[in-house]
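Asker:
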């Protein structure tokens, strides 16, 4: 199909090994072309921003995160995972976790929407911002909507007959991959993303919604572990090697429970580190800026109303707002030049 590699008959596929997961790539032209277009478009945006704002180029680590997301997406859909996901449920489960919980956060750290806005000019710039904050997009990116999409995706695709349809219909299998990626993106976007959407959640709220997903993963994994029959008969008879269908099912349940919760915990810890370090940086920035303002105030005449206002304004500067800080520094420089001329 368009997005799923054709592996041939199950009997012709050798038993799964770690080496085959890494080396048995089956490139899908449609997918490979899509990855290439995304990579070129992102790099084009990076170069445009660097050319227009040489003093404030696009952060290198965001580019690295975006390409790590693309690489993980390619690994989930074109490597040995994709070649064996029709044969082993536990492999299918790893693929699901990558598409739902690993790829979206990495892509969001790359901030592709923000990069697109920065690289565009008016009227496209204004139009993009209007679209990202439109009523439709605001509803889709509402945190409860993202959490509902995450919950429905995990429960429906693992605890209903949907998996049998996926295994027998390649087109539905393709749609499942898109579904997982979209659900994960909608879920993580308002929680860890800093894209120009309407919603800005507080740190405790972000942690709360991330924590809410863990019981969903746990419940689904435990149900699969306690199942004493094969709920997906489409897996039966597809191979003559490897674990029994029931052992395969239980392995997939354990992966959903343990690995799913572990990945979410890593995301929560990473968010805590980023927020705490960011706040510390803001406080240090404000302290340094106040000292600099007081120094300029002294040079300007010390104690004047304008100088006191300048020092007061410094304490209100938000250190992570580059444009505001640059404008304020320019103001202090002009004040300093004026004091030198008066001397």
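In my numbering, the protein residues as written are 147 to 489.
Backbone N, C-alpha and C fix where the C-beta goes; we use that ideal spot for every residue, glycine too.
(1) Less than 8 Å separating the beta-carbons of residue 287 and residue 245?
(2) Can you give, in chain order, each stretch of the alpha helix (DSSP H) that sits fully within the segment 280-354 and has at least 4 residues?
(3) Reducing DSSP to helix, strand and coil, say where residue 166 ends up.
(4) Taking the alpha helix (DSSP H) that residue 172 belongs to, which residues open and close that run?
(5) Using only CA atoms, which one of 209, 255 and 379 lies nearest to residue 394?
(6) Thinking just about the alpha-carbon of each residue, which of 323, 373 and 179 is nearest to the one in residue 222?
(7) If you measure between the beta carbons of residue 247 and residue 406, is that distance less than 8 Å?
(8) Spatial neighbours of residue 355 within its chain, please: CB distance less than 7 Å, with the 5 preceding and 5 following residues excluded, ordered by chain position.
(9) In this structure, does DSSP put residue 204 in helix, strand or coil?
(10) Using the Cα positions of residue 467 and residue 253, report the straight-line distance between them to the nearest angstrom.
(11) What are the boundary residues of the alpha helix (DSSP H) that includes residue 405?
(12) By alpha-carbon positions, which one of 249, 186 and 376 ends up nearest to residue 330?
(13) Kindly give me the distance between the Cβ atoms of residue 168 and residue 215, rounded to whole angstroms, as I take these residues to be in contact under 8 Å.
(14) Does DSSP put residue 234 in a helix, a strand or coil?
(15) Could you tell me the distance, in whole angstroms, from the CA atom of residue 259 to the CA atom of residue 202?
(16) In the DSSP assignment, find the alpha helix (DSSP H) that holds residue 265 and state where it starts and stops.
(17) Under the rule that 16 or more other beta-carbon atoms within 10 Å means buried, what is residue 458, buried or exposed?
(18) Which residues in the same chain have their Cβ closer than 8 Å to the Cβ of residue 146, if we skip the five residues on either side of it in sequence?
(19) Mind checking which residues open and close the alpha helix (DSSP H) that includes residue 270?
(20) Return the Cβ separation of residue 389 and residue 397 in integer angstroms, given the expectation that the two are a contact with Cβ distance under 8 Å.
(21) Quick one: is residue 240 buried, meaning 16 or more other Cβ sit within 10 Å of its Cβ, or exposed?
(22) Run the proximity test for residue 268: is its beta-carbon closer than 7 Å to any non-hydrogen atom belonging to the ligand FAD?
(23) Verify whether the separation of the beta carbon atoms of residue 353 and residue 417 is less than 8 Å.
(24) Within a Cβ cutoff of 7 Å, which residues of the same chain sit near residue 275, ignoring the five residues on either side of it in sequence?
(25) Taking the CB atoms as reference points, tell me whether residue 366 and residue 325 lie closer together than 8 Å.
(26) Compute the Euclidean distance between the alpha carbons of residue 265 and residue 191, then round it to the nearest angstrom.
(27) Can you find the residues in the same chain that come closer than 8 Å, C-beta to C-beta, to residue 368, ignoring five residues on each side of it along the sequence?
(28) Could you give the distance in angstroms between the alpha-carbon of residue 277 and the alpha-carbon of residue 204?
(29) Run through DSSP, which three-state label would residue 376 get?
(30) Classify residue 220 as helix, strand or coil using the three-state DSSP reduction.
(31) Quick one: is residue 186 buried, meaning 16 or more other Cβ sit within 10 Å of its Cβ, or exposed?
(32) Which of helix, strand or coil does DSSP assign to residue 385?
(33) With a threshold of 16 other CB atoms inside 10 Å of the CB of residue 357, please say whether the residue is buried or exposed.
(34) Going straight from the alpha carbon of residue 364 to that of residue 350, what length do you get?
Answerer: In brief:
(1) No, the Cβ-Cβ distance between residue 287 and residue 245 is not below 8 Å.
(2) Look at the segment 280-354 and you find these whole runs of alpha helix (DSSP H), each 4 residues long or longer: 281-286, 289-305, 308-314 and 316-338.
(3) In the structure shown, residue 166 adopts helical secondary structure according to DSSP, grouped into three states.
(4) Here residue 172 belongs to no alpha helix (DSSP H), and DSSP marks it neither H nor E.
(5) For the set 209, 255 and 379, the Cα lying nearest the Cα of residue 394 is the one of 379.
(6) For the residues 323, 373 and 179, the minimum Cα distance to residue 222 belongs to 323.
(7) In this structure, residue 406 lies closer than 8 Å to residue 247 by Cβ.
(8) Once the five neighbours on either side are set aside, the close Cβ partners of residue 355 are 289, 293 and 337.
(9) Assigned with DSSP and collapsed to three states, residue 204 falls in coil, not helix or strand.
(10) Here residue 467 scores only 47 on pLDDT, less than 50, and its place in the model is too uncertain to base an answer on.
(11) Here residue 405 belongs to no alpha helix (DSSP H), and DSSP marks it neither H nor E.
(12) Here the closest residue by C-alpha is 249.
(13) Their Cβ separation, rounded to whole angstroms, is 19 Å, which puts residue 168 and residue 215 out of contact at 8 Å.
(14) Coil, per DSSP.
(15) Distance between the alpha carbons of residue 259 and residue 202: 18 Å.
(16) That run of the alpha helix (DSSP H) goes 258-265.
(17) Low confidence applies to residue 458: its pLDDT is 49, below 50, so where it sits in the model is not reliable, and the reading given next is rough at best. Residue 458 comes out exposed.
(18) Outside the displayed range of the chain (147 to 489) lies residue 146, so it cannot be described from this structure.
(19) 270-278 is the span of the alpha helix (DSSP H), which, as asked, contains residue 270.
(20) Confirmed, about 7 Å.
(21) By the neighbour-count definition (other C-beta atoms within 10 Å, threshold 16), residue 240 is a buried residue.
(22) The model depicted lacks the ligand FAD and carries no ligand whatsoever.
(23) Yes, the pair counts as a contact, with Cβ atoms nearer than the cut-off.
(24) The answer, listed in chain order, is 263 and 342.
(25) No, they are not a contact pair.
(26) Between the C-alpha atoms of residue 265 and residue 191 there is a straight-line separation of about 5 Å.
(27) Taken in chain order, the residues that qualify are 399 and 403.
(28) CA-to-CA, the gap between residue 277 and residue 204 works out to about 23 Å.
(29) Coil.
(30) Reduced to three states, the DSSP call for residue 220 is helix.
(31) Per the 10 Å Cβ criterion, exposed.
(32) Secondary structure at residue 385: coil, using DSSP grouped into helix, strand and coil.
(33) Exposed, since its Cβ has fewer than 16 Cβ neighbours within 10 Å.
(34) The alpha-carbon atoms of residue 364 and residue 350 are separated by roughly 22 Å.
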